[in-house]
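In the numbering used here, the protein residues as written are 12 to 330.
First up is the structure itself, then whatever we jot down about it.
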Amino acid sequence: MTVHIFNPDNDMALADGTAGYTPPATIRQMRSELWWLPNWWAHDDDIVWNGKDQLSLGESDEIRPWGWSPALIHRLKMAGVAEGLLPTDDEMERLRQLSHRQTAVEALRKQRDDRLLGESLVGDSHLCHTWEEAAHAMEQYPECVLKTPWSSSGKGVAFSSANRIKEWCRNGIRRQGSIVVERKLDKLADFAMEFQCKGGGVAEYTGLSLFFTGSDGSYSGNWVAPENQKVQWLLQYVRPQHLIDIRHWWEEYLSHADYVGPVGVDMMLCRDGICPCVEINWRMTMGMVANLVAAQGRYGKLIVEYIYGHYSAEVEAFG
Numbered sequence: 012m013t014v015h016i017f018n019p020d021n022d023m024a025l026a027d028g029t030a031g032y033t034p035p036a037t038i039r040q041m042r043s044e045l046w047w048l049p050n051w052w053a054h055d056d057d058i059v060w061n062g063k064d065q066l067s068l069g070e071s072d073e074i075r076p077w078g079w080s081p082a083l084i085h086r087l088k089m090a091g092v093a094e095g096l097l098p099t100d101d102e103m104e105r106l107r108q109l110s111h112r113q114t115a116v117e118a119l120r121k122q123r124d125d126r127l128l129g130e131s132l133v134g135d136s137h138l139c140h141t142w143e144e145a146a147h148a149m150e151q152y153p154e155c156v157l158k159t160p161w162s163s164s165g166k167g168v169a170f171s172s173a174n175r176i177k178e179w180c181r182n183g184i185r186r187q188g189s190i191v192v193e194r195k196l197d198k199l200a201d202f203a204m205e206f207q208c209k210g211g212g213v214a215e216y217t218g219l220s221l222f223f224t225g226s227d228g229s230y231s232g233n234w235v236a237p238e239n240q241k242v243q244w245l246l247q248y249v250r251p252q253h254l255i256d257i258r259h260w261w262e263e264y265l266s267h268a269d270y271v272g273p274v275g276v277d278m279m280l281c282r283d284g285i286c287p288c289v290e291i292n293w294r295m296t297m298g299m300v301a302n303l304v305a306a307q308g309r310y311g312k313l314i315v316e317y318i319y320g321h322y323s324a325e326v327e328a329f330g
């Protein structure tokens, strides 16, 4: 039996790093109101945990959360789950370090060193440990995007043109030890490649994700469609060989990762090229959800929104 868990507070819980982390009220509400989301892909004999009930599991049972964090491990222990079914402290610390944006900064640098995409590769990213380092990085570009090391979906993100940006940087460095400064890109569209790391040097590509974001970078939805349709859309703007090269590069890179589980790599299609590493999500993603829903024959747009004081998730069929 497999237990599925939707814990959208995962990235913030990793940033905190403690077992007693409590997410903001809005994220607790999302977790409470959308706990059922894994029903879209769970099998009939699986369990989707509501976050409240006690769990009685055997040694052969498996837990598949949205993502692992010390806070989730603590919640599961309180629900009666034995430690043998949960990641160890050492495993959690390795995952936490993998999830740090430094991993994405170094991956983008390696892609440039490997001449991936040649002149079509765009994107510059700098890990900064002081305000002075951040200020120097920002001076190199007309406008920059700044990110805290553990953040996603528009959380922990600011722009160099914002008011009180110096204070924002110093607070981010004080809380998380560093920040990332990136050149702001002239974006056409967001997309991602999804993978499954299986251990033993195997990383399997599982599909493309075409997703939508708001002006602040927050996630707003995914295209639910067959793989070939998503590929055809991208081929309007990119060379077929570029998609193949990006996929093969990530399969090779992820095959060496000390990690087993889902990985989503966010990328960006820009007017002057492709950024093949915007963010690495070492967890489930909405792109994976969209692909699982598409495999059931559904077609449309996956939307997660906050409306009339409540969270909802639905697949809106294209007309």
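All C-beta atoms in this analysis are idealised placements derived from N, C-alpha and C, irrespective of residue type, glycine included.
Rounded to whole angstroms, the separation of the alpha carbons of L245 and I255 is 12 Å. Taken through DSSP and simplified to helix, strand or coil, N292 comes out as strand. Put simply, the stretch 211-220 does not touch the stretch 181-196. Fewer than three CB pairs are less than 8 Å apart. The stretch 74-94 makes contact with the stretch 28-37; the number of CB pairs closer than 8 Å reaches 3 or more. Of the residues R309, V242, C286, W234, the one whose Cα lies closest to the Cα of V315 is W234. When the Cα atoms are used, G167 and E143 turn out to be separated by approximately 20 Å. Annotation for E262: F206, A214, E215, Y216 place their beta carbon closer than 8 Å to its own, counting only its chain and skipping 5 residues before and after. The residues D22, L25, A26, S110, H111, Q187, in chain order, have a CB closer than 7 Å to that of W161 in the same chain once the five nearest residues on each side in sequence are set aside.
Here R175 is exposed, its C-beta having fewer than 16 other C-beta atoms within 10 Å. Contact between L127 and P287 holds, since their C-beta atoms are separated by about 6 Å, short of 8 Å. Shown here for T296: same chain residues with a beta carbon closer than 8 Å to its own, the five before and five after excluded, namely A203, E205, S220, P273, G275 in chain order. Excluding its 5 nearest sequence neighbours in each direction, E325 has C-beta neighbours in its own chain below 7 Å: I314, listed in chain order.
Sequence-distant Cβ neighbours of R42 in its own chain, meaning closer than 8 Å and more than five residues away, are F17, N18, P19, D20, P34, G62. Bridge partners of V133 according to DSSP: none are assigned. Taken through DSSP and simplified to helix, strand or coil, S171 comes out as coil. Linking I291 to G320 through their CA atoms gives a straight-line distance of about 31 Å.
Under a 10 Å Cβ-count criterion, V271 is classified as exposed, with fewer than 16 other Cβ atoms of the shown protein chains found around its own Cβ. The distance from the Cβ of H253 to that of S131 is about 6 Å, consistent with a contact at the 8 Å cut-off. In the DSSP assignment, R107 falls within the unbroken alpha helix (DSSP H) covering 100-110. Going by DSSP, T217 is part of the beta strand (DSSP E) stretching over 213-224.
Non-local C-beta neighbours of L119 in its own chain, meaning closer than 7 Å and more than five positions away in sequence, comprise G134, S136, C288, ordered along the chain.
Here the alpha carbons of S67 and R107 stand approximately 28 Å from one another.
With a contact defined as Cβ atoms closer than 8 Å, R294 and W77 qualify at about 6 Å. No Cβ-Cβ contact shorter than 9 Å links E70 with V14.
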